[in-house]
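Take the sequence shown: its letter number 277 is residue 277 in the UniProt record's numbering, and every next letter is one higher.
For each residue, glycine too, the CB sits at the ideal point set by N, CA and C.
Quantities reported herein were computed from a predicted structural model and do not represent experimental measurements.
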Amino acid sequence: MTETVSRTVERIVFGQPTSDGAGVKLLRVLTHDLQRRLDPFLMLDEFRSDNPGDYIAGFPEHPHRGFETVTYMLDGRMRHRDSAGNEGLLGPGGLQWMTAGRGLMHSEIPEQEDGLMHGFQLWVNLPARRKMIPPAYRDLPAEAIPIYQPADGVEVKAIAGAYDGLKGAIERPDTEPVYLDIRLEPSREHFFRLPETHNAFVYVYDGAADVGSPARAVTVRQMAILSNTAGAGGVCLATGATPVRLLLIAGQPLNEPIAQYGPFVMNSRAELEQAFTDLRSGRFGQETA
1 MTETVSRTVE RIVFGQPTSD GAGVKLLRVL THDLQRRLDP FLMLDEFRSD
51 NPGDYIAGFP EHPHRGFETV TYMLDGRMRH RDSAGNEGLL GPGGLQWMTA
101 GRGLMHSEIP EQEDGLMHGF QLWVNLPARR KMIPPAYRDL PAEAIPIYQP
151 ADGVEVKAIA GAYDGLKGAI ERPDTEPVYL DIRLEPSREH FFRLPETHNA
201 FVYVYDGAAD VGSPARAVTV RQMAILSNTA GAGGVCLATG ATPVRLLLIA
251 GQPLNEPIAQ YGPFVMNSRA ELEQAFTDLR SGRFGQETA
């Protein structure tokens, strides 16, 4: 692997405005049709509004099984509760990494009635052998997420994985995700190392960046899928006259069948049917023999 050879931009994706939960308006960036290409990632949503009507109803109680959800807040506060009695409050810069495993009922309700609500939710698949593990949470405040400055005008919040040999806040087996929130000041260029085996993408949420080599312009609210270039050790990111904020996300593909229906992500139709049976019978989330 050549550490200074950059991946290229394979495709630029425009998010799809939609609503979820009790009518929360959001931008769905990683959609169902990209799940195989960006395995192990299943979905990425950005929610961003200072209009309470767009977010105030939140996401009332709903089930999950078979994957992990990662909620990362930039602005605003979100209260989480689940059927096992767990509860937490995410504030600005905070993170929740939830392993749904065999299942739980979960709610996410904004704990503010005015002001900006801005954040992301990423869904990460679980391998077949771990889909029915007990549910678990990691709630982290902003100060628990490491921040690195590898060069002048370059700031990296290492949410998950390892960045340049430095550990992020979360490490996960199997998918080995890398999740970085990056800020580049104007007229900067930096090479970010990534495992060659990982699928990867960039999502720009403020400003614009030149991504890859040869460089391709990626503007606000666009996702750049990065090529799986043999021998490429990472990706080159650069800015022009304005700063940029972006997410750089990568993961080890599972290469397993994906059977999804709404909030259930399993490996077969039979497993999906069992999830609905468990939900209807009141056994959802309980350990099975």
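Could you tell me whether the Cβ atoms of residue i and residue j are closer together than 8 Å?
i, j, result
"Phe41", "Val265", "no"
"Trp97", "Met43", "no"
"Ile182", "Val156", "yes"
"Leu89", "Arg81", "no"
"Glu61", "Tyr205", "no"
"residue 355", "Ile159", "Residue 355 cannot be examined here, being either before or after the span of the chain that is shown, 1 to 289."
"Ala142", "Gly93", "yes"
"Ala238", "Ala209", "yes"
"Leu279", "Tyr261", "no"
"Ser268", "Ala259", "yes"
"Leu95", "Ala169", "yes"
"Leu26", "Asp20", "yes"
Based on Cα-Cα distance, which residue from the options lies nearest to residue i?
i, options, result
"Arg65", "Gly94, Ala100, Gln96 and Glu46", "Ala100"
"Arg193", "Lys167, Leu74 and Cys236", "Cys236"
"Asp39", "Ala200, Asp114, Gln222 and Thr229", "Ala200"
"Thr4", "Leu246, Glu143, Asp164 and Gly207", "Asp164"
"Gly91", "Ala128, Ile145 and Glu61", "Ile145"
"Glu202", "Val218, Glu189 and Pro141", "The residue you asked about is not Glu; residue 202 is Val in the sequence shown. Per the Cα distances, Val218."
"Pro52", "Glu185, Ala128, His118 and Ile249", "His118"
"Gly231", "Asp54, Arg221 and Thr197", "Thr197"
"Thr8", "Pro173, Gly233 and Arg245", "Gly233"
"Leu248", "Gly212, Arg36 and Arg129", "Gly212"
"Asn86", "Asp75, Gln112 and Asp139", "Asp139"
"Thr31", "Ala22, Asp174, Ala209 and Gln16", "Gln16"
"Met73", "Ile56, Ala84 and Pro110", "Pro110"
"Pro263", "Tyr55, Ala215, His106 and Arg28", "His106"
"Asn255", "Gly207, Glu10, Gln35 and Gly115", "Gln35"
"Gln222", "Pro127, Arg280 and Gly207", "Gly207"
"Asn125", "Val154, Glu108, Ser187 and Pro173", "Pro173"
"Phe14", "Val29, Ala22, Pro135 and Gly23", "Val29"
"Tyr55", "Ser6, Ile12 and Glu113", "Glu113"
"Ser83", "Leu95, Ser268 and Glu108", "Glu108"
"Ser6", "Arg280, Ser187 and Ala215", "Ala215"
"Arg11", "Gly23, Ser19 and Arg37", "Arg37"
"Ala57", "Leu166, Val24 and Gly282", "Val24"
"Val154", "Glu189, Asp33 and Gln121", "Glu189"
"Gln149", "Ala22, Pro257 and Leu166", "Leu166"
"Glu185", "Gly161, Ile147, Thr242 and Leu246", "Thr242"
Please classify residue i: does DSSP put it in a helix, a strand, or coil?
i, result
"Pro52", "helix"
"Gln35", "coil"
"Met1", "Bear in mind that a pLDDT of 39 at Met1, under 50, signals an unreliable position, so the model cannot answer this."
"Ser6", "strand"
"Gln274", "helix"
"Ala128", "helix"
"Glu108", "strand"
"Glu155", "strand"
"Ala224", "strand"
"Glu87", "strand"
"Ala289", "Reliability of the predicted coordinates at Ala289 is poor, the pLDDT of 37 falling under 50, and the value obtained from them is presented with this limitation in mind. In this structure, Ala289 counts as coil in the three-state DSSP scheme."
"Glu68", "strand"
"residue 329", "Residue 329 is absent from the structure shown; the chain starts at 1 and stops at 289."
"Glu143", "helix"
"Ser19", "strand"
"Leu279", "helix"
"Arg138", "strand"
"Arg269", "helix"
"Leu254", "coil"
Can you tell me whether residue i is buried or exposed, with buried defined as 16 or more other CB within 10 angstroms of its CB?
i, result
"Phe59", "buried"
"Phe284", "buried"
"Lys131", "buried"
"Phe191", "buried"
"Met1", "The pLDDT assigned to Met1 is 39, lower than 50, so where the model puts this residue is not dependable; a value taken from the coordinates is nonetheless given after this. Exposed: under 16 other Cβ atoms inside 10 Å."
"Asn63", "Note that residue 63 corresponds to Pro in the displayed sequence, not to Asn. Buried is the call here."
"Thr175", "buried"
"Val152", "Looking at the sequence provided, one finds Asp at residue 152 rather than Val. By the 10 Å Cβ count, Asp152 comes out exposed."
"Thr288", "The predicted model places Thr288 with a pLDDT of 49, which falls under 50 and marks its position as unreliable, so this point remains unresolved."
"Leu48", "Per the sequence presented here, residue 48 reads as Arg, with Leu not at that position. It counts as buried."
"Pro177", "buried"
"Ala270", "exposed"
Any C-beta of chain C sitting closer than 8 Å to the C-beta of residue i?
i, result
"Thr239", "The structure shown has no chain C; it contains just one protein chain."
Just to check, is the beta-carbon of residue i closer than 7 Å to a non-hydrogen atom of the ligand PLP?
i, result
"Gln112", "Here there are no bound small molecules, and the ligand PLP is not part of this structure."
task = Could you say if the region 223-241 and the region 68-78 meet the contact criterion of at least three C-beta pairs nearer than 8 Å?
result = no
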